[in-house]
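Step one of this worksheet: look at the structure below.
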Amino acid sequence: MYYLIRKLILPLCALPLLLLTAACASGPRPQALPAPAVTTAQNLGIEIVRLTQGSGGYMLDFRYRVVDVAKAAPLIDHALIPYLVHEASGAKFAVPAPVKVGPMRQMPRQLEAGRQYFIFFANPGRYVKPGDYVTIVHGPYRFEHLKVE
Numbered sequence: 002m003y004y005l006i007r008k009l010i011l012p013l014c015a016l017p018l019l020l021l022t023a024a025c026a027s028g029p030r031p032q033a034l035p036a037p038a039v040t041t042a043q044n045l046g047i048e049i050v051r052l053t054q055g056s057g058g059y060m061l062d063f064r065y066r067v068v069d070v071a072k073a074a075p076l077i078d079h080a081l082i083p084y085l086v087h088e089a090s091g092a093k094f095a096v097p098a099p100v101k102v103g104p105m106r107q108m109p110r111q112l113e114a115g116r117q118y119f120i121f122f123a124n125p126g127r128y129v130k131p132g133d134y135v136t137i138v139h140g141p142y143r144f145e146h147l148k149v150e
């Protein structure tokens, strides 16, 4: 009886589960259009340079260059707290703010045109992987469909 269960019944039960799992597997992710991020960035007077993993994958490094100082002024508002949203899962990631160091983002008193600025986001457990798409929310501004390099 044990032989019958082990050799015949279990594989026969596992086969439909395997087929159902394969049928539910998602295909390749369609390419997201970067147009909204570019438009928002242009309206805000910045150019998005890159979004990469750093610190062994435990941080996400967002870099942007200021093109128009007057338009980019809302980015240095200390009351606005940026966060990152993983588009596939909806998980939100904050800017770490250790007590001794403060928020891990540049908050100058005055912006300079042509200069690059950064914002670090926590990535606990290396949750966000290279190739994932994220949205960065900074107050009323949203930079959508950014691909992590």
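Add 1 to the 1-based position in the sequence shown for the numbering used here, that's all there is to it. No residue lacks a Cβ here, since even glycine has one placed at the ideal position from N, Cα and C.
Query raised in the report: Taking just the CA atoms, how far does tyrosine 118 sit from alanine 74?
Result: 13 angstroms
Query raised in the report: Count the other CB atoms within 10 Å of the CB of arginine 106; is the residue buried (16 or more) or exposed (fewer)?
Result: buried
Query raised in the report: According to DSSP, is isoleucine 77 helix, strand or coil?
Result: helix
Query raised in the report: So leucine 61 is in the beta strand (DSSP E); what residue range does that whole segment cover?
Result: 60-67
Query raised in the report: When the Cα atoms are used, what is the spatial distance from lysine 130 to valine 149?
Result: 7 angstroms
Query - Residue closest to valine 102, alpha-carbon to alpha-carbon, out of Val67, Leu81 and Phe121 - result: Phe121
Requested in this report: Flag glycine 103 as yes if its beta-carbon sits less than 9 angstroms from any beta-carbon of chain C, otherwise no.
Outcome: Within the model displayed, chain C is absent; a lone protein chain is all it includes.
Query raised in the report: In chain order, what residues of the same chain lie with their CB nearer than 7 angstroms to the CB of arginine 127, ignoring the 5 residues before and after it?
Result: Gly58 and Tyr59
Report task. Tell me whether proline 114 sits in a helix, a strand or coil according to DSSP, three-state version. Result -> Note that residue 114 is alanine in the sequence shown here, rather than proline. In the structure shown, alanine 114 sits in coil (DSSP, three-state: anything other than H, G, I, E or B).
**Report entry** Secondary structure of valine 129, DSSP reduced to three states
**Finding:** coil
Query raised in the report: Which stretch, first to last residue, makes up the beta strand (DSSP E) that contains lysine 101?
Result: No beta strand (DSSP E) holds lysine 101; DSSP gives it neither H nor E.
**Report entry** Nearest to glutamate 113 (by Cα), restricted to the options Ala89, Val67, Thr136 and Val100
**Finding:** Val67
Query raised in the report: Between arginine 30 and the rest of its own chain, which residues show a CB-CB distance below 6 angstroms, the 5 nearest in sequence each way excluded?
Result: Here the model assigns arginine 30 a pLDDT of 46, short of 50, so the residue's position is not dependable, and the following value carries that caveat. Hits under 6 angstroms: none found.
Query raised in the report: Do glycine 140 and proline 97 have their C-beta atoms closer together than 9 angstroms?
Result: no
**Report entry** Span separating the alpha-carbon of valine 135 from that of glutamate 145
**Finding:** 7 angstroms
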